[in-house]
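Let me begin by presenting the structure, written as structure tokens, before commenting on it.
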Amino acid sequence: MAEITLDVRHLRAFAEVGYQVADGGDAHGAMAALRRVVPLDAYEFVAFDPATGRHHSVVSDGHRQIDRDAAEEYAGLEAYRRARATRSPVPMPDPCTERYFRRHLAPYGWRAGLTAPLFLPEGRYTGLLHLATRETFPGRIGAVVSAVSPLLAHLTDLSRCVIDPVGLPPGFRAVAFDRLGVRREVPGREPSPALWDDPAVAAYARAFIDSRELSRHGLWLDGVGRWHELRLLRAGVGFQGALQGAVAGERPCVLPYELTGREVDVLTRVAAGDSNPQIAAALVLSVRTVTTHLEHIFAKLGCDSRTRLTTKALAEGLCRLDV
């Protein structure tokens, strides 16, 4: 088979791969573009989940998906360690992969294989791309696959989140959660140590995911007594946003309208529809003290009724979230 040479066809194919990835296209669309310059009969994307430290087959074409045990078996090979260290594709079979090749690929008639580690342009590892053919691969296929692998790495990035179109305002640090409480970083956002390290936040995010709410906004007092503005957005997490999840974002703040912490607690109860005696019982205060707090809250927020107070509190996220 003729050697691959980089020419205008390759540039066009790479541009189409990039378009497919950037425009939300799937792995099959990207690989259809790559197939214009790389002769292959089958492929499989294996994603690395940084939350669990394991590999998962996510997309395949031309043969059945390799099960999780096989993906982990490959990750234990010296060839895998070499590929990650050099960031270069590894051919199969070779002395380090022959046993794996004969067990998982040769029975299906494949004559050659190639496994490329996938690293994003900033250097983060996201998984593997396995290629297989019934013939032999051209000599420069490794160089071609290496050139396009930073684009394809986005397709196995399990940390990607599909966030509500409104998104988070600037300055919010964020963490993504799925229904099992697994935490992931949110691309493009600084991780929040306060949210990441607090198990109560993970439980709160799970409850939000199970609710019918699209978003939630309020005030949060962390474990060391600092106030934060906290927002939760419904999101898909994991591979192509396939898992139900949520993005929690926070930024430190001072209490708005010069409210005190106790006044925030009273305001939160008012917004929930509680009467003064109910608020007094819940916060272990006298009714007279609750009335005094309310007088101060009405004055600070410029409201003249509980209805208007509630509307303003909910609209501006002035209630304390029960994390």
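Be aware that the sequence shown starts at 1461, since it is given in our numbering, and climbs by one per residue. Glycine is no exception: its CB is placed at the ideal position from the N, C-alpha and C atoms. Please read these numbers as outputs of a predicted model, since none were measured by experiment.
- Query: Of the residues Ser-1517, Arg-1547, Gly-1522, Ala-1545, which one's Cα is nearest the Cα of Glu-1533?
  - Reply: Ser-1517
- Query: If we count the other Cβ atoms within 10 Å of its Cβ and call it buried at 16 or more, is Glu-1776 buried or exposed?
  - Reply: exposed
- Message: Excluding the 5 residues flanking Ala-1462 on each side, which residues of the same chain have their C-beta closer than 7 Å to its C-beta?
- Response: Residue placement at Ala-1462 is flagged as unreliable, the pLDDT there being 46, under the threshold of 50; the coordinate-derived value follows with that caveat. Taken in chain order, the residues that qualify are Pro-1598.
- Rank Glu-1650, Leu-1781, Phe-1508, Leu-1754 by C-alpha distance to the C-alpha of Glu-1726 and give the top, closest one. Looking at the sequence provided, one finds Val at residue 1726 rather than Glu. Checked all of Glu-1650, Leu-1781, Phe-1508, Leu-1754; the closest Cα to Val-1726 is Leu-1754.
- Message: Does Ala-1502 pass the burial test, meaning 16 or more other C-beta atoms within 10 Å, or should it be called exposed?
- Response: buried
- Tell whether a beta-carbon distance below 8 Å holds between Ser-1606 and Ala-1634. no
- Quick one: using the 10 Å Cβ neighbour count with 16 as the cut-off for buried, is Arg-1729 buried or exposed? buried
- Message: Can you tell me whether Ser-1609 is helix, strand or coil according to DSSP?
- Response: helix
- Query: In the stretch 1569-1650, which residue ranges form an unbroken alpha helix (DSSP H) of at least 4 residues, counting only runs that do not cross its ends?
  - Reply: 1601-1612
- Message: Alpha carbons only, please: which of His-1756, Ala-1731, Tyr-1664 is nearest the one belonging to Cys-1779?
- Response: Ala-1731
- Message: Restricting to Cα atoms, I'd like to know which of Gly-1685, Arg-1495, Asp-1486 is closest to Leu-1471.
- Response: Arg-1495
- Exposed or buried, which one is Ala-1493 when buried takes at least 16 other CB atoms within 10 Å? buried
- What do you get for Pro-1577, buried or exposed, if any count of 16 or more other CB atoms within 10 angstroms of its CB means buried? buried
- Message: Spatial neighbours of Ala-1639 within its chain, please: C-beta separation below 8 Å, excluding the five flanking residues on both sides.
- Response: At residue 1639 the sequence reads Arg, which differs from the Ala that was named. Closer than 8 Å at Cβ, skipping near neighbours: Arg-1666, Ile-1669, Asp-1670, Leu-1703, Gln-1704, Gly-1705.
- Nearest-angstrom Cα separation, counted from Arg-1584 out to Ser-1675: 30 Å
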